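Heads up, the thing below is written out as structure tokens.
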Amino acid sequence: MAGAQHGVVARRQLLEAGVPGHVVDMRVRTRRLLVLHRGVYSDGHRQLRREGHWLAAVMACGPAAVLSHGTAAAHWGIRDAPAAPVHVIAPRRSGPRRRAGVVGHRADLPDADRTVHRSVPVTSVPRTLLDLAARVRARELELAVRHAARARIFDLGDVHAAAARSAHHPGVPRLVRLLLALEGVGTSDLRSPMEVAFVQLCDDFGLPRPVANRIVEGVRVDFSWRGSTLLVETDGFAFHAMPTAFTQDRRRDQLLALAGYTVLRFTYAQVTGEPEAVAATVGTMLQRSWSC
């Protein structure tokens, strides 16, 4: 049993599996089982990895507990592992369970906010980010969000749903503000800064000003030029944060390619941080499209 659980096992699991209590006690006395927390043991013959210690902390807090906060973020691979302590959320009805090296939190999590990842019960990625948002600096939170987006384990719609379920969570305002900033959308002006930045880039480098949001072959495209088969699409943060958007955009690109158009995609970071390279690429492709 311990082998499938990163080398750890709870006393209640052994009893439920039919192992008599006196046998468990004997194994503890003979160090075949090493006590990690009250009622939680490790196989005495194996070295525990960090996942084993994390799972042991969860087991020590009860059967409905889950790994949470910074420790959950480390388990998801979106933040470096904190040295200590291990953070765990248990239901509010749980009695006091103080454990060495464990910080316990009380919350009644809905099923959508909890899951199992690599055999460890843990808060979902959206809930993990909400918990982080209430505790870490803005830059740390941004890095965690970006790591989650790159790993494709973060869906923007799921985050909004998690925020709606926990409207009074202290992390909601900070996380929502960050997502708006990453998307390039201000809270008072919903016009995309990406559109402004790309048009400004064209003006700065002497490129013909494009037409924004024109319908081409039944598809609304971000930028196009009259008489040219070149189209430019600009990908904001939602492009990375919404897995469905990735697939939909690829289908759009393929339909436009079948109709004879060339689609270039640029991120907000490219448009604002690498304007020379973007302008050179657009200029070259425009010339090619007009010479065909």
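At position 247 of the sequence shown (counting the first as 1) the number is 247 in UniProt numbering, and the numbers step up by one without a gap. Glycine included, each C-beta is placed from N, C-alpha and C at the ideal position. Note that the coordinates shown come from a computational prediction; the quantities given were computed from them, not determined experimentally.
For the segment 9–90, the continuous beta strand (DSSP E) assignments of 3+ residues that do not extend past its boundaries occur at 33–37, 40–43 and 86–90, in sequence order.
DSSP places G104 inside the beta strand (DSSP E), whose first and last residues are V102 to R106. The segment 62–76 and the segment 117–133 touch, with three or more beta-carbon pairs separated by less than 8 Å.
Secondary structure at E233: strand, using DSSP grouped into helix, strand and coil.
Contact between V199 and P210 holds: CB atoms are separated by about 7 Å, below the 8 Å threshold. Residue burial is scored here from C-beta neighbours: G260 has fewer than 16 other C-beta atoms within 10 angstroms and is therefore classed as exposed. By the neighbour-count criterion, in which 16 or more other beta carbons inside 10 Å mark a residue as buried, H22 falls on the exposed side.
Distance from the CA of L230 to the CA of R220, rounded to the nearest whole angstrom, comes to 14 Å. In the DSSP annotation of this structure, the continuous segment of the alpha helix (DSSP H) that includes P275 starts and ends at P275 to S291. By the neighbour-count definition (other C-beta atoms within 10 Å, threshold 16), G273 is an exposed residue.
Out of G227, E140 and A279, the CA that lies nearest to the CA of A81 is found in E140. Note that the C-beta distance between V8 and G62 is not below 8 Å.
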